[in-house]
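Taking our numbering, I'd label the letters of the sequence shown as residues 4 to 480. Just so it is clear, CB atoms sit at the ideal spot from N, CA and C, and this is done for glycine as well. Just so we're clear, the structure is a prediction, and the values are computed from it rather than from any experiment. See structure below.
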Amino acid sequence: MVILKKIFVISIGVATGVFSIWLSTIFSIRLLALAVSSLPIILLLFYYIVQKEKIDFLNPLLIFSLLYFLFFGLGGFLYEDISNSKINIAALGTILGVLGYVLGFLFVEFTINKNQSVKRKMQSLEFENFSIKRSILFEKILFAIGFFSYVIYVLKIGGLPILMGNLEQARVDASLQGGAYLRLCVYLLILSAIIGVLNIRLNKLIVGVKNSSSVYRFWISVLAFLSLGNRSPVFNILFISCLILLSIKYKGRISFLKVTIFSTIGSFLVISFVGGFGAYRVLNTETFYSFPEFRPFIENKNYIGLSIYLFKHYLLIGYNNFLNVLDIVPTMLSYQFGSTYAQPILTVLPGQQFTLDMQIKMALGQTYLGGGTVPSVLGEAYVNFGIIGCLIVPFIVMFILNTMRYQFINNPSPGKMIIYIYLLSYLSNCLLSGIAATSVFPFVAVSILIFYHIYVCNFQHNNITRSMMVSNISSNK
């Protein structure tokens, strides 16, 4: 029976692939890229249906494939300037990227399968050597450093960017004026917030008492980033927090009904937040009033339409910027051979250090409001290694994610969970910008989370404390 199910799944894959190639001969390579980028997510969902399993939402292939399809498959298909001479190369890069991350995923699957001790499903979190007191203390220290830096940052720039005129440029000017060191410290509020969510749930589970102070620190962190006019940190906090809470409650697997409900609610909130916050930035930047694409919405006070337009534009950013990279590499910007992945580290040095996004913006001669031109993960790969980089980089990313996933589900602990979920969120969401496009913070964040794991998950409790923990966990179940 199992063999028949596997044959059925493989048949669906082959049929879908043949159908996609047939469509591409009738239409274009862009349609082939759209179809190919949708294959992994479709086949994975079919696998869960055929095997009658709950959906493993911590499977990196699920989230990564979905976002890859949105940013490159759908984004490329919706791209309107089909006369662009590089559009076929971008479509080829999209297809190679799918091949790369699928091979990276399967490589780990086949390698891990040789180890018979591997657990295919996440077990209960291991609390025996976990200290909730140390975890809360760690959260408090990160929050204190981050919030103190936030206050100094606001005083240094002379106010809250969200309340300033010409918001789109004001937030960038504030970033430059505030300084890289100070802004890096402010971003510790992200780590404080996600560790705080973990503490809120585990304190209730282990001790049986609600940890209200972590709740306050969480929302203060969210409001602090909103006041700086930046949506990405807020989105990361909320996205990671949801994954943490769902992971603890459902052990990483939920039914199709719950997936449908959560994804519907989540999609509505994401579209509202991304589009709505983008519309707020446009309406508070007077320079945008003269832009032809924004003027009809502003004049007619069609703010919902503006939000939807900006969300669609958000989906196109990665693909459009990938095409921009193809226009300037290697004619105006030479191949970097991997050096751009280390460039964010240089931003902590004195003076203004130009990461890849600013180099691309200057090479294109762009003068628009805001920061640099993010290359997307495929554009970043192309800058470094050419078209073959579009296969190599996704392969490495998925290899890392799937390896970390098995490290977590084989020996689940709160520390490993938060490291894996942070990496899953970051490496999936950075498809739009690039792995190392703008900031050194992700490198710092992973280092801090590794230290957090060592500090709180290798703590030796005495027998009395251990007995109390086991008793509380049992009663809470």
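Just the Cα atoms here: how many angstroms apart are residue i and residue j?
{"i": "I424", "j": "I412", "result": "12 Å"}
{"i": "P417", "j": "G199", "result": "12 Å"}
{"i": "I453", "j": "I422", "result": "7 Å"}
{"i": "V380", "j": "V105", "result": "16 Å"}
{"i": "T343", "j": "R220", "result": "35 Å"}
{"i": "Y82", "j": "L319", "result": "7 Å"}
{"i": "Y71", "j": "Y312", "result": "20 Å"}
{"i": "L246", "j": "V154", "result": "29 Å"}
{"i": "P397", "j": "G107", "result": "8 Å"}
{"i": "R137", "j": "Y292", "result": "51 Å"}
{"i": "L35", "j": "L69", "result": "17 Å"}
{"i": "G103", "j": "L109", "result": "10 Å"}
{"i": "V459", "j": "V225", "result": "24 Å"}
{"i": "S436", "j": "G281", "result": "17 Å"}
{"i": "Q119", "j": "P415", "result": "Residue placement at Q119 is poorly supported in this model, since its pLDDT is 45, which falls under 50; the coordinates still yield a value, given next. Their backbone Cα atoms lie some 17 Å apart in a straight line."}
{"i": "I85", "j": "G321", "result": "16 Å"}
{"i": "F388", "j": "S450", "result": "27 Å"}
{"i": "N461", "j": "V447", "result": "21 Å"}
{"i": "A439", "j": "I243", "result": "19 Å"}
{"i": "I144", "j": "A384", "result": "37 Å"}
{"i": "P333", "j": "Q346", "result": "19 Å"}
{"i": "F276", "j": "Y190", "result": "20 Å"}
{"i": "N206", "j": "I457", "result": "19 Å"}
{"i": "L249", "j": "Y51", "result": "18 Å"}
{"i": "N303", "j": "L309", "result": "10 Å"}
{"i": "V328", "j": "G382", "result": "6 Å"}
{"i": "L37", "j": "V101", "result": "11 Å"}
Would the beta-carbon of residue i be found less than 7 Å away from any heavy atom of the ligand FAD?
{"i": "I144", "result": "The model depicted lacks the ligand FAD and carries no ligand whatsoever."}
Under the three-state reduction of DSSP, which class applies to residue i: helix, strand or coil?
{"i": "R234", "result": "coil"}
{"i": "T468", "result": "Low local confidence applies: a pLDDT of 43 at T468 is under 50, so the model's placement there is unreliable, and no value is given."}
{"i": "Q502", "result": "Outside the displayed span of the chain (4 to 480) sits residue 502, for which this structure offers no information."}
{"i": "L163", "result": "coil"}
{"i": "L272", "result": "helix"}
{"i": "I29", "result": "Bear in mind that a pLDDT of 49 at I29, under 50, signals an unreliable position, so the model cannot answer this."}
{"i": "P397", "result": "helix"}
{"i": "C460", "result": "coil"}
{"i": "E131", "result": "coil"}
{"i": "I85", "result": "coil"}
{"i": "V332", "result": "coil"}
{"i": "L435", "result": "coil"}
{"i": "K213", "result": "coil"}
{"i": "P445", "result": "helix"}
{"i": "F297", "result": "coil"}
{"i": "G278", "result": "helix"}
{"i": "Q119", "result": "With a pLDDT of only 45 at Q119, under 50, the local geometry of the prediction cannot be trusted, and no value is derived from it."}
What are the boundary residues of the alpha helix (DSSP H) that includes residue i?
{"i": "T114", "result": "I90 to I115"}
{"i": "N305", "result": "Premise fails: N305 is in no alpha helix (DSSP H) and is neither H nor E."}
{"i": "Y50", "result": "I32 to V53"}
{"i": "S195", "result": "L191 to I209"}
{"i": "Q346", "result": "Run containing Q346: none; DSSP gives neither H nor E here."}
{"i": "A366", "result": "L359 to L367"}
{"i": "K488", "result": "Residue 488 falls outside the range modelled here, since the chain spans only 4 to 480, and no answer is possible."}
{"i": "G382", "result": "S379 to F388"}
Whole-angstrom Cβ separation of residue i and residue j, contact assumed at under 8 Å?
{"i": "G96", "j": "I348", "result": "About 26 Å separates the two Cβ atoms, so there is no contact after all."}
{"i": "S258", "j": "K55", "result": "About 11 Å separates the two Cβ atoms, so there is no contact after all."}
{"i": "F150", "j": "L192", "result": "7 Å"}
{"i": "I395", "j": "P378", "result": "I395 to P378, Cβ: 15 Å. No contact."}
{"i": "F444", "j": "L187", "result": "6 Å"}
{"i": "L229", "j": "V237", "result": "6 Å"}
{"i": "C393", "j": "L99", "result": "4 Å"}
{"i": "P43", "j": "L73", "result": "Not really, about 13 Å apart at Cβ, beyond 8 Å."}
With DSSP as the reference, identify every bridge partner of residue i, one or two as the case may be.
{"i": "R256", "result": "D59"}
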